[in-house]
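Report on one structure; see the data block that follows.
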Amino acid sequence: MNRGPLIFLAAFLALSGSWYTYVVRPSMQLGRFQQTNMLGGSTLYPTARPGLAQQGLEVYRAQGCAYCHSQQVGQEGTRFQLLLTEAGTNTAEVATAVKKLAPQLAGTADPLASLPVAVYSGERRYDFEAASRTLNALGAKAVPQVVPYGADIARGWGKRRTIAEDFLFDSPTLPGSQRVGPDLASVGLRLPDPRWHLRHLYAPASEVKGSKMPPYRYLFETRRVARAPSPDALQLPREYAPPAGYEVVPTPDALALAAYLVSLRADAPLFSAPMTITSTAAPTADTNAPAGATATTPAPAINQ
Amino acid sequence: MSREPDITALPEPAEPRAENAPVPIWIFTVSFVALFWAMLYFDQRGAWFNPQVYAPYKSLSHLQSFQPPTGGPNLERGRSVYENVCALCHNTDGAGKPNQAPTFIGSEWVLGNPARLIRIPIHGLTGPITVKGESWNLNMAAMGAALSDEDLAAVLTYMRQSWGNKASPITEEQVKAVRAETGNRSQPWTADELKPFE
Chain A
1 MNRGPLIFLA AFLALSGSWY TYVVRPSMQL GRFQQTNMLG GSTLYPTARP
51 GLAQQGLEVY RAQGCAYCHS QQVGQEGTRF QLLLTEAGTN TAEVATAVKK
101 LAPQLAGTAD PLASLPVAVY SGERRYDFEA ASRTLNALGA KAVPQVVPYG
151 ADIARGWGKR RTIAEDFLFD SPTLPGSQRV GPDLASVGLR LPDPRWHLRH
201 LYAPASEVKG SKMPPYRYLF ETRRVARAPS PDALQLPREY APPAGYEVVP
251 TPDALALAAY LVSLRADAPL FSAPMTITST AAPTADTNAP AGATATTPAP
301 AINQ
Chain B
305 MSREPDITAL PEPAEPRAEN APVPIWIFTV SFVALFWAML YFDQRGAWFN
355 PQVYAPYKSL SHLQSFQPPT GGPNLERGRS VYENVCALCH NTDGAGKPNQ
405 APTFIGSEWV LGNPARLIRI PIHGLTGPIT VKGESWNLNM AAMGAALSDE
455 DLAAVLTYMR QSWGNKASPI TEEQVKAVRA ETGNRSQPWT ADELKPFE
């Protein structure tokens with residue numbers, strides 16, 4: 001043992017190096033995050049969750065939801081899209097230009113038959129802007145769009161990838177790592193009704209056929225209807241409904257959890273996650289199905 | 305019959321010792337190739353640990369290239385500025401407030417010459433003024449002085465194209481030109497002073 005100082009130095013460097021890389025640097029990077037302006041405006045993102053939703057985060061944590069649900073959407077890339085919405089008056093010239101821009105439309109007789117039509121879709125900004133200029137010069141109206149894509153986005157789990165700012169007001173952050181159930185990063189966007197979440201927590205199979213989620217009935221109270229039924233009582237389908245004269249009422253924990261789930265909507269366009277807000281209808285089909293079961297599970301009915 | 309060698313007669317073998325041996329050249333080669341690959345990998349995806357750059361973007365310039373184009377009037381941005389700056393007095397629906405601020409809906413001051421409209425938020429307006437046949441005599445502060453050219457253009461465009469108003473958009477260049485023309489004026493405008501821009 002005549003290399004004591006050397007071994008000490010090597011161990012010290014290894015430990016302090018990893019401490020710096022895994023603790024100090026990340027906290028310097030992420031600890032300084034602040035609210036940022038959304039793209040194209042001065043609206044700040046994120047905003048703190050409402051109080052009840054903030055309490056719901058604690059329930060989410062206590063019930064171990066994060067063991068089966070992730071809150072992180074992946075993204076494989078971003079592409080530009082040019083949607084032709086109006087052909088203008090010079091339709092012959094526009095049709096020729098569209099055929100030249102979009103090879104997939106070159107064979108069709110009238111590419112302007114069903115507008116809007118995507119005339120450019122790709123990742124090269126230069127081509128995209130050139131196409132946009134060409135069409136605008138001909139008097140047509142083309143809407144430029146920046147669209148993130150990827151497997152998670154195709155499932156309808158989010159509109160863009162999850163970034164650190166999405167968790168700015170959460171402590172602790174619960175991004176999860178397992179996907180036994182669907183990703184919840186934007187569950188408030190696709191299922192915005194807290195009553196749906198309450199029914200689903202009480203009896204998952206009543207809302208999603210073949211759901212693997214365990215029921216959380218202890219978050220609810222089945223009690224005899226007093227003078228008048230409670231306005232909070234769940235409207236359950238017959239096979240899950242309590243016996244006549246009884247009603248199922250959510251506890252404050254269940255209400256907080258539902259408020260938290262509805263508050264999960266990571267859809268802001270930011271500099272670090274650029275995209276265009278599209279006015280297309282929100283995806284509804286198959287979005288709440290767990291990974292790998294999308295084909296067989298019917299879409300959840302969002303009943304009032 | 306051969307004789308067994310007499311082991312005890314042989315000299316004792318020397319203690320084994322580690323000696324300096326040259327490091328094989330291939331180790332250097334492999335390490336340099338690995339280091340070079342790591343350098344390229346970092347250069348392509350590291351973005352110098354910029355906290356704003358997330359995968360799938362490889363660098364800040366790559367991320368910048370995907371920012372949505374800002375061409376054309378941006379009514380959403382205009383609305384945001386309007387509601388933060390103007391709506392307190394002129395109301396979110398542009399109808400103004402009695403004894404506080406005149407209306408923007410169908411107002412000749414809003415729909416008229418851009419050069420006149422741009423001057424008002426930059427320096428403010430004071431004294432008597434007639435809006436849609438109604439007389440006002442109030443003071444407006446230079447609410448738009450602190451706004452960027454882009455924000456001011458967006459908010460004026462929003463005013464000219466909302467609530468049933470239909471007038472041409474106001475561009476950043478027009479705002480810039482007016483700011484250059486008025487120079488370092490510090491006094492608010494009066495309706496009479498704005499006559500030449502009608």
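If you read the sequences in order, they're chains A and B.
According to my numbering, the stretch in the first sequence is residues 1 to 304, in order.
According to my numbering, the stretch in the second sequence is residues 305 to 502, in order.
Ideal Cβ placement from N, Cα and C applies to all residues, glycine included.
This structure is a prediction, so every number in the text was calculated from the model and none was measured.
Practice problem: State the DSSP-derived secondary structure class of residue 118(A), mapped to helix, strand or coil. | Solution: Here the question's residue 118(A) lines up with position 118 in the first sequence. DSSP places residue 118(A) in strand when its eight states are reduced to three.
Practice problem: Label residue 275(A) either buried or exposed according to how many other C-beta atoms from any shown protein chain fall within 10 Å of its C-beta, with 16 as the threshold for buried. | Solution: Stepping through the first sequence from its first residue, residue 275(A) is reached at position 275. Buried: at least 16 other Cβ atoms inside 10 Å.
Quiz item: Counting pairs of beta carbons, one from the region 447-465 of chain B and one from the region 378-387 of chain B, are three or more of them closer than 8 Å?
Solution: yes
Practice problem: Leaving aside the five residues before and after residue 279(A) along the sequence, list all residues of the same chain whose C-beta is less than 7 Å from its C-beta, in chain order. | Solution: Along the first sequence, one-based indexing puts residue 279(A) at 279. Caution applies to residue 279(A), whose pLDDT of 42 falls short of 50 and renders its modelled position unreliable; the value that the coordinates give is listed next. Counting only Cβ-Cβ distances below 7 Å, and skipping sequence neighbours, we find nothing.
Practice problem: Mark residue 447(B) as exposed unless 16 or more other C-beta atoms lie within 10 angstroms of its C-beta, in which case mark it buried. | Solution: Along the second sequence, one-based indexing puts residue 447(B) at 143. Label assigned to residue 447(B): buried.
Quiz prompt | Distance, residue 212(A) Cα to residue 238(A) Cα | solution = Position 238 of the first sequence, counted from the start, is the residue given in the question as residue 238(A). Position 212 of the first sequence, counted from the start, is the residue given in the question as residue 212(A). Using only the alpha carbons, I get a separation of about 20 Å.
Practice problem: Report yes or no: do the region 161-169 of chain A and the region 126-135 of chain A share at least 3 C-beta pairs separated by less than 8 Å? | Solution: no
Quiz prompt | Neighbour list for residue 161(A) in chain B, Cβ cutoff strictly below 9 Å | solution = Looking up residue 161(A) in the first sequence gives position 161. Residues of chain B passing the Cβ test: 358, 359 and 360.
Quiz item: Is the Cβ-Cβ distance between residue 249(A) and residue 207(A) less than 8 Å?
Solution: Looking up residue 249(A) in the first sequence gives position 249. Looking up residue 207(A) in the first sequence gives position 207. In this structure, residue 207(A) does not lie closer than 8 Å to residue 249(A) by Cβ.
Exercise. Quick one: which unbroken alpha helix (DSSP H) runs of 4-plus residues sit fully inside the region 361-443 of chain B? Chain order, please.
Key: 364-368, 379-385, 391-394, 412-415 and 418-427
Practice problem: Could you give the DSSP three-state label for residue 470(B): helix, strand or coil? | Solution: Counting from 1 along the second sequence, the entry for residue 470(B) is found at position 166. In the structure shown, residue 470(B) sits in coil (DSSP, three-state: anything other than H, G, I, E or B).
Quiz item: Who does residue 221(A) pair with in a DSSP beta bridge?
Solution: As a first step, residue 221(A) is located in the first sequence; it is residue number 221 there, counting from the start. Beta-bridge pairing links residue 221(A) to 249(A).
Exercise. Going by CA-CA distance only, name the one from 230(A), 258(A) and 15(A) that's closest to residue 245(A).
Key: As a working mapping, residue 245(A) is identified with position 245 in the first sequence. Here the closest residue by C-alpha is 230(A).
Quiz item: Got a sec? Which residues, its chain only, sit under 8 Å from residue 151(A) by beta carbon, not counting five neighbours each side?
Solution: In the first sequence, the residue the question calls residue 151(A) occupies position 151. Once the five neighbours on either side are set aside, the close Cβ partners of residue 151(A) are 74 and 76.
Quiz item: Is the Cβ of residue 373(B) closer than 8 Å to any Cβ of chain A?
Solution: On the second sequence, position 69 is the one that residue 373(B) refers to. It does; some Cβ of chain A falls within 8 Å.
Quiz item: In chain B, what lies closer than 8 Å to residue 271(A) by C-beta?
Solution: If you number the first sequence from 1, residue 271(A) lands on position 271. Per Cβ cutoff of 8 Å: 356, 367 and 371.
Self-check item: Where the region 58-86 of chain A meets chain B: residues whose CB sits under 7 Å from a CB there
Solution: 75, 76, 77 and 78
Self-check item: Proximity below 8 Å, CB of residue 105(A) to CB of residue 87(A)
Solution: If you number the first sequence from 1, residue 105(A) lands on position 105. If you number the first sequence from 1, residue 87(A) lands on position 87. Taking 8 Å as the Cβ cut-off, residue 105(A) and residue 87(A) do not qualify as a contacting pair.
Practice problem: Tell me whether residue 93(A) sits in a helix, a strand or coil according to DSSP, three-state version. | Solution: Translated into positions along the first sequence, residue 93(A) becomes position 93. In this structure, residue 93(A) counts as helix in the three-state DSSP scheme.
Quiz item: Grouping DSSP H, G and I as helix and E and B as strand, with all else coil, what is residue 202(A)?
Solution: Start at 1 with the first residue of the first sequence, and residue 202(A) comes out as number 202. Three-state result, residue 202(A): helix.
Quiz item: Using a beta-carbon distance below 8 Å, is residue 21(A) in contact with chain B?
Solution: Translated into positions along the first sequence, residue 21(A) becomes position 21. By this cut-off, residue 21(A) is not an interface position.
Quiz item: For chain B, is any of its Cβ atoms less than 8 Å away from the one on residue 144(A)?
Solution: Translated into the one-based positions of the first sequence, residue 144(A) becomes position 144. It does; some Cβ of chain B falls within 8 Å.
Self-check item: Span of the beta strand (DSSP E), counted from its first residue to its last, around residue 86(A)
Solution: Along the first sequence, one-based indexing puts residue 86(A) at 86. Here the beta strand (DSSP E) through residue 86(A) covers 77-86.
Practice problem: Helix, strand or coil for residue 159(A), going by three-state DSSP, please let me know. | Solution: In the first sequence, counting from the first residue as 1, residue 159(A) sits at position 159. Coil.
Exercise. Give me the Cα-Cα distance between residue 195(A) and residue 31(A), rounded to the nearest whole angstrom.
Key: As a first step, residue 195(A) is located in the first sequence; it is residue number 195 there, counting from the start. As a first step, residue 31(A) is located in the first sequence; it is residue number 31 there, counting from the start. C-alpha separation (whole angstroms): 36 Å.
Exercise. Could you please give the first and the last residue of the uninterrupted beta strand (DSSP E) stretch that includes residue 5(A)?
Key: One-based indexing of the first sequence puts residue 5(A) at position 5. Careful: residue 5(A) lies outside any beta strand (DSSP E), inside the alpha helix (DSSP H) at 4-19.
Quiz item: For the candidate residues 70(A), 191(A), 123(A) and 2(A), whose alpha-carbon lies nearest to that of residue 176(A)?
Solution: Taking the first residue of the first sequence as position 1, residue 176(A) is located at position 176. Of the candidates 70(A), 191(A), 123(A) and 2(A), the one whose C-alpha sits nearest the C-alpha of residue 176(A) is 70(A).
Quiz item: Looking only at its own chain, which residues have a Cβ that is under 7 Å from the Cβ of residue 254(A), when we skip the five neighbours before and after it?
Solution: Sequence index remark: in the first sequence, residue 254(A) carries index 254 (1-based). Excluding residues within five positions, the ones whose Cβ falls inside 7 Å are 198, 201, 219 and 220.
Self-check item: Reference residue 493(B); option with closest CA among 407(B), 419(B) and 357(B)
Solution: Translated into the one-based positions of the second sequence, residue 493(B) becomes position 189. Cα-wise, what sits closest to residue 493(B) is 419(B).
Quiz item: Hey, quick one: how far does the beta strand (DSSP E) through residue 148(A) stretch, first residue to last?
Solution: As a position in the first sequence, residue 148(A) is number 148, starting the count at 1. Run containing residue 148(A): 141-149, per the beta strand (DSSP E) assignment.
Quiz prompt | Length of the line joining the Cα atoms of residue 91(A) and residue 84(A) | solution = On the first sequence, position 91 is the one that residue 91(A) refers to. On the first sequence, position 84 is the one that residue 84(A) refers to. The alpha-carbon atoms of residue 91(A) and residue 84(A) are separated by roughly 12 Å.
Quiz item: Closer than 8 Å, CB to CB, is residue 336(B) near chain A or not?
Solution: Residue mapping note: residue 336(B) aligns to position 32 of the second sequence, counting from 1. Not an interface residue.
Quiz prompt | Collapsed DSSP secondary structure at residue 136(A) in the structure displayed | solution = As a position in the first sequence, residue 136(A) is number 136, starting the count at 1. Helix, per DSSP.
Self-check item: Cβ of residue 283(A) within 8 Å of any chain B Cβ
Solution: To locate residue 283(A), count along the first sequence from 1; it is residue 283. Any answer about residue 283(A) is weak, because its pLDDT of 40 lies below 50 and its placement is not dependable; what the coordinates show is given next. No, because no Cβ of chain B sits closer than 8 Å to the Cβ of residue 283(A).
Quiz item: So residue 36(A) and residue 270(A) are in contact, right, with Cβ under 8 Å, and what is the actual spacing, rounded?
Solution: Taking the first sequence and counting its residues from 1, the one referred to as residue 36(A) is at position 36. Taking the first sequence and counting its residues from 1, the one referred to as residue 270(A) is at position 270. Between residue 270(A) and residue 36(A) the Cβ distance is about 6 Å, and since that is below 8 Å, they are a contact.
Quiz item: Cβ of residue 348(B) within 8 Å of Cβ of residue 362(B)?
Solution: Looking up residue 348(B) in the second sequence gives position 44. Looking up residue 362(B) in the second sequence gives position 58. Contact: yes.
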